[in-house]
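Residue numbers (the UniProt record's numbering): 1 to 793.
From the three backbone atoms N, C-alpha and C, an ideal C-beta is built for every residue, glycine too.
What follows is a set of notes on a single structure, which appears directly below.
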DNA sequence: ATAGCGCGAATATAGACAGCATGTC
DNA sequence: CTATATTCGCGCTAT
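Structure below.
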């Protein structure tokens, strides 16, 4: 079937596709058309990665738009949202408008409603439904990408419930679900009342095999000799072998450290295959990488990249990831050693995929657990670049014959696992039942159960009473915490319940935050809400900690170890920033830092010193689980405090054993939760709203209180603000009136200085002919040296 | 006395969504 | 039966 033969698409689309080289639809695409994707039919397409799933979705969405409707494309990751947006934007010349909505990339709601196609994460869609975005009701087509992720314990239920809600809001909604090949595709189609396209067809041949001894044994019976040198290292031999053919490799490993060390070693292999031109480009890329962040992770990555290798994991900042992914697609980087981030993320195809580690440590399992077949298939699916490689190769590594047999059985001949709904778990239902009640989908227990009947869980558990019993548990919980009211059979959300639902908080997080903030209200007594009693110890102590202000004169970036900066300070009712950081860090919405062996002692001591600042009662030391969580929340809180105390990124990374990406992630989450805390405090008329807002702003900008005014200027972050401050420019007003030479001295670089002055609203920002003030320059330098000397902690 | 070495023991282990108000190629 | 890379700690030796 030719694209131009398709009916119901906007004029020009078929020709455009042919222009892209799509001469005929791939068989699964043609089958989807036969089943009616372009006529508004529900379709579930369970096909391998890179076999044209996206075009199936595009056909559905474009035909929906042509009929005057609008479409929503749901993705699991923010990075995928921008990737898809970019892809769909090629239809704009045929009059199809595209918009994106994710947590960090928010377009105006009204504007979004005017788009023909909107790309959003599942959580964002859920949030839009909760907040009653009007355009949601008018959708005519929804696409769920990677729908097999409903199997995920944490995030799966969101997608499941969101799809159920969208379909409830609009019974005529066309539902298209794209899935990897899974064990139970018919069941998913059944759930969504959809036609099923289930296929193993791939546009490029994928040769799968196991390397053992001196050869890859492919599933088709063929062999390829890949000699392993005396060192016995299979991975470098395979990478080298691919390079000889001019191809790049993707190596999947099971830990960050393994990824980093493997990349280091593989750099020795790739380094021999580079042209001089590539070396130059790689050096530039390495410099860009170093510029992203001043951390050991960043340096290590740059070192690898200079030799044509890279590692990839969640400890990298998103800028790092983008640089690495782009360079790999451009074939500049020859090999990436990656954790599973890359298998689920944006498209990074490679000639050869090497699944080195097929087991991963799992504390619940109590050892090394084999990866799911589905997950390994996702990794292997990255092999083969359409239009560039004749075929892709996916190779598993075995060190003995038994392993070889097992790998064949499990991952090459084995069926992927069936997808199982994880909806009947308390944490999932806590959030979703409150939202279901709050946004009016149900207002009795029976309504709720009937609504839940539209989920995959219901399809898979006919006659199973578990969902019902968990529902009752959760309703009791919501009632006890005053998020819902029960009047006879009628269940309604309370005002605070509505807020919690709209803020997208786990009700348990909200309860913890409310509890903690009320606790800090101290003895005003009028609000006894699930109170666990006041903080132990002398009440005067709650405002008696060191504010650290006296440290500022000597060394503004001194270690914040002894510091409990209370923000606004003088109010006896006030809570310290650390207390608030700890409060949000111990909610289920914050993924806490891991306690390493020595940490337990360190943070027990820390707890002893600063317990009075924490909100709520410290759990008993004998309650091992709770106490440990309390401590790791303290560790997380200390990291946030360091960040807000202007401790250098490299020191934070070193002290807490994290990468720049982790720091950003924690800081982001803290901002979000503190914002929610601020709203809750405001709504409940708690006195500590101001302290919460202050703590939030400091985390946002990563600065101490006195810099908050300066960081309000666009282009001024924590570093520039501190340098300006040291040069005597303490406020925006100062900046507008300051001597230009001082500004230039502090900021270095004429262009930066001009931009900053422009942003602060100065009339004559030009830096022409201005020379940097020596004192201001020196202040900056000393600060950096001071920073460096702190390294030996 | 001590730097250097070899070797068994100990250690640690993936990922990442959301609010809000502004601003961005 | 099945992890593995890396660091740590200890006892030993050569200087």
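- Per DSSP, residue 327 lies in no beta strand (DSSP E) segment; the continuous alpha helix (DSSP H) that holds it begins and ends at 318–329.
- The C-alpha of residue 238 lies about 11 Å from the C-alpha of residue 393.
- In the same chain as residue 120, and ignoring 5 residues on each side of it, the C-beta atoms closer than 8 Å to its own belong to 72, 73, 74, 75, 81, 100, 101, 102, 128, in chain order.
- Around the C-beta of residue 85, 16 or more other C-beta atoms lie within 10 Å, and the residue is accordingly described as buried.
- Counting every other CB atom within 10 Å of its CB across the protein chains shown gives residue 4 a total below 16, marking it as exposed.
- Residue 350 has 383 as its beta-bridge partners, per DSSP.
- Secondary structure of residue 223 (DSSP, three-state): strand.
- In the structure shown, the three-state DSSP call for residue 735 is helix.
- Within the model, the alpha-carbon separation for residue 438 versus residue 472 is close to 17 Å.
- Look at the region 89–176 and you find these whole runs of alpha helix (DSSP H), each 4 residues long or longer: 109–113, 122–130, 156–169.
- Three or more Cβ pairs closer than 8 Å define a contact, and the region 217–232 falls short of that threshold against the region 301–317.
- Taking C-beta separations shorter than 6 Å and ignoring five residues to either side along the sequence, the partners of residue 650 in its chain run 294, 295, following chain order.
- Residue 427 is a Cβ neighbour of residue 506, given a cutoff of 8 Å.
- Residue burial is scored here from C-beta neighbours: residue 174 has at least 16 other C-beta atoms within 10 angstroms and is therefore classed as buried.
- In the displayed model, residue 402 falls within a helix according to three-state DSSP.
- Annotation for residue 774: 745 place their beta carbon closer than 8 Å to its own, counting only its chain and skipping 5 residues before and after.
- For residue 741, the closest of 724, 731, 730 by C-alpha to C-alpha distance is 724.
- Residue range 359–362 is occupied by the beta strand (DSSP E) that includes residue 361.
- One thing to note: residue 159 has its Cβ no nearer than 8 Å to the Cβ of residue 180.
- The beta carbons of residue 191 and residue 456 sit closer together than 8 Å.
- Rounded to the nearest angstrom, the gap between the Cα atoms of residue 241 and residue 48 is 26 Å.
- Closest by C-alpha distance to residue 350, out of 50, 743, 714, is 50.
- Short of 8 Å from the beta carbon of residue 312, and not among the five residues preceding or following it, lie these beta carbons of its own chain, in chain order: 259, 321, 324, 325, 336, 337, 338, 339, 341, 342.
- Going by C-alpha positions, residue 653 is about 15 Å away from residue 257.
- A straight-line Cα-Cα distance of about 6 Å links residue 759 and residue 713.
- Here DSSP, grouped into helix, strand and coil, assigns residue 393 to strand.
- Relative to residue 491, the option among 640, 454, 441 whose CA is nearest is 441.
- Rounded to the nearest whole angstrom, the C-alpha separation of residue 353 and residue 38 is 35 Å.
- Taking each of 764, 715, 227, 23 in turn and checking the Cα distance to residue 738, the smallest one comes out for 764.
- Here residue 142 is not near residue 57, since their CB atoms are 8 Å or more apart.
- In this structure, residue 380 places its C-beta atom within 8 Å of the C-beta atom of residue 208.
- Within the region 224–305, complete alpha helix (DSSP H) segments of at least 4 residues are found at 234–244, 256–270, 276–292, given in chain order.
- Under the 10 Å beta carbon count, residue 364 is surrounded by fewer than 16 other beta carbons and is classified as exposed.
- Linking residue 509 to residue 23 through their CA atoms gives a straight-line distance of about 53 Å.
- Scanning its chain for C-beta atoms nearer than 6 Å, with the 5 sequence neighbours on each side dropped, one finds around residue 125 the residues 74, 162, in chain order.
- Nearest to residue 665 by alpha-carbon distance, out of 399, 316, 504, is 316.
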